[in-house]
Amino acid sequence: MTTLAGELRKLPAFVRRDFLVAWSYRLPFITDWIGLAFQAFVFYFIGLMVDPSKLPTFGGQQTTYLEFVAVGIAISAFMTLALGRVSAGIQQEQLAGTLESLLMTPTSPATVQLGAVFYDLLYVPLRTAVFLVVIALAFGLDFYASGVVPALVVLVVFIPFVWGLGIASAGATLTFRRGSGAVGLGVTVLVLFSGAYYPLDLLPSWIATLAEFNPITVAVDGMREPLLGGTGWDGVGKAVAVLLPLAAVSLVVGAVAFRSALRRERRRGTLGLY
Amino acid sequence: MLGLRHRQLSDAAAPAPAAARVVEADTISRRFGERVALAGVSLAVDGGRIEALLGPNGAGKTTLVRILTGLVKPDTGTARVLGVDTWDCPRDLRAQMGLVPSGDRSLYLRISGLENLIFFGRLHGMPKRRARDRAWELLELVDLADAARLRSGFYSHGMQKRLSIARALLTQPRVLLIDEATHDLDPEAAARMRDLVRRLADEGAAVVWATQRIEEIRGFCDRVTLLREGHVAFQGTVSQLIAVAAPRRYVLRLRNGRATGADLEPLLRAAVGNGTTIAAADEGDPEDYVLHLGDDVVLGTALAALTAGGVEVLGCREEVSEIENAYLNLARGKQ
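From first to last, the protein sequence lines are chains H and Y. All residue numbers for the first sequence refer to the numbering used here, where the first residue is 1 and numbers rise by one. All residue numbers for the second sequence refer to the numbering used here, where the first residue is 1001 and numbers rise by one.
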């Protein structure tokens, strides 16, 4: 327990380091937010062309396209950003040449991996939440206040699922040196068939059926139900029940893959090479 | 999720008297593909001692240092630090080891030197305030306090190396593994760094000092392991290394008041006798001569003979330092 507590106490040091690094790149930090705002405008104008009656209802409530897509954007952007950064976290250390220095400290590989992405695991959900609040206020979206906490719970359960995938791909990147392209392709396919940007009904029926099992679909619908339909906790149970075991499997697979990759690289003596 | 397996150091790793064996490499071999990086290298360093790991580029110094840190697994043989196999690399052991890697890419270049040290201090388990205090102490020690808040990416190579050394000292380690520490430093900074490391050794730390700068090991290192193409070419004290230097050549500045240059040579040859040769130096002053001592002749005897022959010896220096001579012979495979 002392060890676990000791390891957890190291995480704020990673957060401070990564905040300072992010702050040293002020321009990308600011342009990220500007890009997000422009994206909202694009979907606002697309929404003016979309007939709301073509959209699915949530809790029996009709929604506008911007309300519908805002949750989709938030989750898909979260997925893309978080997965990309988690998988790239260790790669960055390797590229920068700092990975061996980290591993020379009395810090467990799991903490090194978590620390490498901990700032992003805090920042990206915060960015997602702020995006939803700002877009709701700016465009007068009708989100249910009672749905905010249940939606956040879905997001919180979704985080370890993404994290697990991220550390698995970080392990692959350690081994193969390149892997971000495959990760990006995988995320694009998952987002494409998730109903984040358009209703699944528009897809061929067999793909729509398969898409129901897509974890992003589960997370997006799990957040839309309370936020857009006002279903409170009723719509959340199913999403959590599906996402929790997926998150557990994802984390275990990711941790095993990462540890194996790390050990292999140490054995080969190529840990510091990229 | 966090790794809870936290192997304790064996009894052998408990605080030991300064003279105890701290670093041991036993017949270590390592290949990278077809290339043999190390072939049966053994090494032992006691607490309070500085072992020079000497050799030209590609001799295997960095590989050996990385094996001693547990970052690379040997193909055969074992590396033990404080009695623990470094491949197991328990966290307690890492807390006792300080590494100064050879490259300058091991720091976070977008944050300040101070923040780098605080970050690594906290990874060593220090509370924030303690990490900050220790960081300042070390920045003072390596003369970087004035640049503490400057982004380390703006540091010169020498400053980055000093920061790297400061980081290695965060925990007052019992083992210091230093790879090309003075490579980027000016002579004064290099001397200061050696003084610092000597002081740490005097306090009981075992130091492995990998270098290709032969001139810095005299008066600094206690023992030398010279690597050549992954093999141990020499192992012993610095004096023993010097003793294998042959031939022994000196540049003398001579005058006898009557003759100089070529006119003086026959007289000199007659004075030094068989086995020892002397000739005007190809370069330098007309009064400079190169004395090449024979196997059984000591420098004093040759100088006494010259003096007895009416020659004034105004100066005497090694043509190439004995230690450098020994290094070059051993590194090239001659002995």
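Glycine is no exception: its CB is placed at the ideal position from the N, C-alpha and C atoms.
Y/His-1124 and H/Leu-4 have their C-alpha atoms some 14 Å from each other. For Y/Ala-1095, the chain H residues whose Cβ falls inside 9 Å of its Cβ are Thr-105, Pro-106, in order along the chain.
Taken in chain order, the members of the stretch 1109–1125 of chain Y whose beta-carbon sits within less than 9 Å of a beta-carbon on chain H are Leu-1109, Arg-1110, Ile-1111, Ser-1112, Glu-1115, Asn-1116, Ile-1118, Phe-1119, Phe-1120, Gly-1121, Arg-1122, Leu-1123, His-1124, Gly-1125. In terms of Cβ geometry, H/Val-249 and H/Val-218 do not form a close pair [threshold 8 Å]. Residue-level contact by beta carbon fails for Y/Val-1207 and chain H, as no gap is shorter than 8 Å. Listed in chain order, the beta strand (DSSP E) runs fully inside the stretch 1133–1186 of chain Y are 1175–1179, counting runs of at least 3 residues. At least one C-beta of chain Y is nearer than 8 Å to the C-beta of H/Thr-98. Taking 8 Å as the CB threshold, H/Val-71 stays off the interface with chain Y. At least one CB atom of chain H sits nearer than 8 Å to the CB of Y/Phe-1032. Contact annotation for H/Val-21 against chain Y: Tyr-1108, Arg-1110, Ile-1111 [CB-CB distance below 9 Å, chain order].
Interface flag for Y/Lys-1061 against chain H is unset, since no Cβ pair is found closer than 8 Å.
Against chain H, the beta carbon of Y/Leu-1163 has no neighbour under 7 Å; the closest one sits roughly 11 Å away. Annotation for Y/Thr-1237: Asp-1222, Arg-1223, Val-1224 place their beta carbon closer than 8 Å to its own, counting only its chain and skipping 5 residues before and after.
Interface annotation for the stretch 1056–1081 of chain Y against chain H: Thr-1063, Arg-1066, Ile-1067, Thr-1069, Gly-1070, Leu-1071, Val-1072, Lys-1073, criterion Cβ-Cβ distance under 9 Å. About 16 Å separates the beta carbons of Y/Val-1036 and Y/Ala-1025, which is beyond the 8 Å limit, so they are not a contact pair. Taken atom to atom, the span from the alpha-carbon of H/Tyr-197 to that of Y/Gln-1172 is near 56 Å.
Chain-order list of chain H residues neighbouring Y/Pro-1173: empty, with the shortest C-beta distance near 10 Å, by a criterion of under 7 Å.
The continuous alpha helix (DSSP H) containing Y/Thr-1069 extends over residues 1061–1069. In this structure, the straight-line span from the alpha carbon of H/Gly-235 to that of H/Val-156 is close to 15 Å. Of all residues in the stretch 1170–1196 of chain Y, none places a beta-carbon less than 8 Å from a beta-carbon of chain H. H/Leu-83 is positioned such that its CB atom lies no closer than 8 Å to that of H/Gly-164. Taking the C-beta atoms as reference points, Y/Glu-1319 is found no nearer than 8 Å to Y/Arg-1255. A Cβ-Cβ contact shorter than 8 Å links Y/Leu-1170 with Y/Leu-1117. Contact fails between the stretch 124–131 of chain H and the stretch 200–213 of chain H, because fewer than three Cβ pairs, one in each stretch, are under 8 Å apart.
Around H/Gly-254, the same chain offers Gly-164, Ile-167, Ala-168 as residues with beta carbons nearer than 6 Å, after the five sequence neighbours per side are excluded. With at least 16 other beta carbons inside 10 angstroms of its own, H/Glu-225 counts as buried.
Scanning Y/Gln-1160, Y/Ala-1148, Y/Thr-1076, Y/Arg-1192 for the CA closest to the CA of Y/Ser-1102 turns up Y/Gln-1160. Close to Y/Leu-1099, with beta-carbon spacing below 9 Å, are these residues of chain H in chain order: Glu-100, Ser-101, Met-104. Counting the other CB atoms within 10 Å of its CB gives H/Met-223 a total of 16 or more, which places it among the buried residues. Look at Y/Arg-1129: its C-beta is not under 8 Å from any C-beta on chain H. Taking C-beta atoms as the reference points, Y/Ala-1206 and Y/Val-1065 fail to come closer than 8 Å. Short of 6 Å from the beta carbon of H/Gln-39, and not among the five residues preceding or following it, lies no beta carbon of its own chain. Residue-level contact by beta carbon holds for H/Ser-24 and chain Y, with a gap shorter than 8 Å. Look at Y/Glu-1051 here: in three-state DSSP terms it is strand. Y/Arg-1162 sits close to Y/Leu-1144, with the two beta carbons spaced by under 8 Å. If you compare the alpha carbons of Y/Val-1175, Y/Ile-1214, Y/Ala-1135 with that of Y/Val-1084, the shortest gap goes to Y/Val-1175.
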